[in-house]
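Encoded as structure tokens, the structure appears first; notes follow it.
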Amino acid sequence: MSAEIIDGKAFAAEVRGKVAEHVAKLAEKGIKPGLAVVLVGEDPASQVYVRSKGKQTVEVGMESFEHKLPADTSEADLLALVDKLNKDPAVNGILVQLPLPGHLNEDLVINSIDPAKDVDGFHISNVGLLATGQKAMVPCTPLGCLMLLRDHFGSLSGKSAVVVGRSNIVGKPMAQLLLRDSCTVTIAHSRTKDIEDVVKQADIVVAAVGRPEMVTGDWLKKGAVVIDVGINRLPPAEEGAKGKLVGDVDFASASEVAGAITPVPGGVGPMTIACLLANTLTATCRANGLDEPEGLTA
Ligand code: NDP
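Residues are numbered in the working numbering as their position in the sequence shown, beginning at 1, plus a constant of 10.
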């Protein structure tokens, strides 16, 4: 293996440390950032995410407000809760955990969040602000990837980047962020022809596909920096066991060719919650007319 391993777990701990320092400084001014997380239903993966978000929020010194609603909550009740949180001065960030149960309109709910408190960066206003290069709340996972890349390269200017995947939560905002940092960006997706050749042009490859180990070493340019967003659980080897977690990149073959690569687990995953905390801090600073924390925003 020749590639440098990009340690997202360690970097995320650094980000949380910086957030905690800023939060302590805000406390001297009598300000305590608050993050409200809304969970509708009992999706087991969502419950795990919400628990660890709450725990890490408290660890950095912020206030955590958890709202757990039953799966059959009506859209009107959910919108009423969001409205209440929008108006609550103790709440600086609001996150509605996705996916929502099928009877709820996700776009409607997300777009009912005050854009200034939209720490997931999914509100249509924030999408537009990001796309036009203005001050936005930036989706957490792409922000985490950007931080890792900036830390690795210093400047991303002039690099060629291929983002594999065009979802609204990862692929598209990732491409916007790379463009904003003056990369030459290509977005590949399920209809891209000769995708291996497209990926092979890139200095930076971000894989956000949801297909286990799809990107292999022979797709990569020698020395490329590979950010693997994918989280896929393989079928267990034996009954009752837990399947192995893998990314969208075949780590074994890719790490022979790449210059640097994020592992799964321990790469992008831990950065997502760290960036949620960073976004909550940013939202708090903006709400109070204070300077934004350096190095924690896009
Ligand atoms: P989506 O399913 O929303 O999007 C997947 C994208 O991959 C689509 O644009 C799709 O293209 C594209 N795609 C699918 N198959 C292929 C293929 N064979 N070749 C090329 N492109 C393909 O997924 P998400 O963006 O939400 O998530 C992607 C991965 O990232 C998942 O593994 C998810 O678990 C993980 N994830 C990890 C996070 C973290 O914190 N680390 C956070 C969020 C997601 P098309 O549009 O043409 O269908």
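Cβ coordinates follow ideal geometry from the N, Cα and C atoms, glycine included.
Residue i - containing alpha helix (DSSP H), residue span
{"i": "Lys-182", "result": "181–190"}
{"i": "Thr-194", "result": "Not the alpha helix (DSSP H): Thr-194 falls in the beta strand (DSSP E), residues 194–198."}
{"i": "Gly-138", "result": "134–141"}
{"i": "Leu-159", "result": "150–163"}
{"i": "Val-119", "result": "116–120"}
Residue i CB to nearest heavy atom of ligand 1 below 7 Å
{"i": "Gly-335", "result": "In the structure as shown, the chain starts at 11 and stops at 308, and residue 335 therefore has no counterpart that could be examined."}
{"i": "Met-224", "result": "yes"}
{"i": "Gly-175", "result": "yes"}
{"i": "Val-259", "result": "no"}
{"i": "Ala-185", "result": "no"}
{"i": "Ser-200", "result": "yes"}
{"i": "Ile-241", "result": "yes"}
{"i": "Ala-218", "result": "yes"}
C-alpha gap between residue i and residue j, whole angstroms
{"i": "Asp-207", "j": "Gln-144", "result": "33 Å"}
{"i": "Ile-241", "j": "Pro-43", "result": "30 Å"}
{"i": "Ala-22", "j": "Leu-108", "result": "22 Å"}
{"i": "Ile-271", "j": "Leu-156", "result": "14 Å"}
{"i": "Met-281", "j": "Asn-289", "result": "12 Å"}
{"i": "Leu-9", "j": "Val-106", "result": "Since the displayed the chain opens at 11 and closes at 308, residue 9 lies outside it and no answer follows."}
{"i": "Val-50", "j": "Pro-111", "result": "7 Å"}
{"i": "Lys-169", "j": "Val-29", "result": "29 Å"}
{"i": "Val-235", "j": "Ala-217", "result": "11 Å"}
{"i": "Leu-256", "j": "Gly-227", "result": "According to the sequence as given, residue 256 is Val; it is not Leu. Approximately 15 Å, taken between the alpha carbons."}
{"i": "Pro-125", "j": "Leu-291", "result": "15 Å"}
{"i": "Ser-133", "j": "Glu-248", "result": "The residue you asked about is not Ser; residue 133 is His in the sequence shown. Taking the straight line joining both Cα atoms gives about 42 Å."}
Residue i: first and last residue of the uninterrupted beta strand (DSSP E) it sits in
{"i": "Gly-27", "result": "Here Gly-27 belongs to no beta strand (DSSP E); instead the alpha helix (DSSP H) covers 18–38."}
{"i": "Ala-217", "result": "214–217"}
{"i": "Val-106", "result": "103–106"}
{"i": "Ile-45", "result": "For the sequence presented, residue 45 should be read as Leu rather than Ile. Here the beta strand (DSSP E) through Leu-45 covers 44–50."}
{"i": "Val-174", "result": "170–174"}
Tell me the start and end of each unbroken beta strand (DSSP E) in the stretch 57–92 that is at least 3 residues and wholly inside, in chain order. 73–79
I'd like the ranges of any alpha helix (DSSP H) spanning at least 4 consecutive residues and lying wholly in the stretch 236–295. DSSP runs (the alpha helix (DSSP H)) wholly in the stretch 236–295: 261–267.
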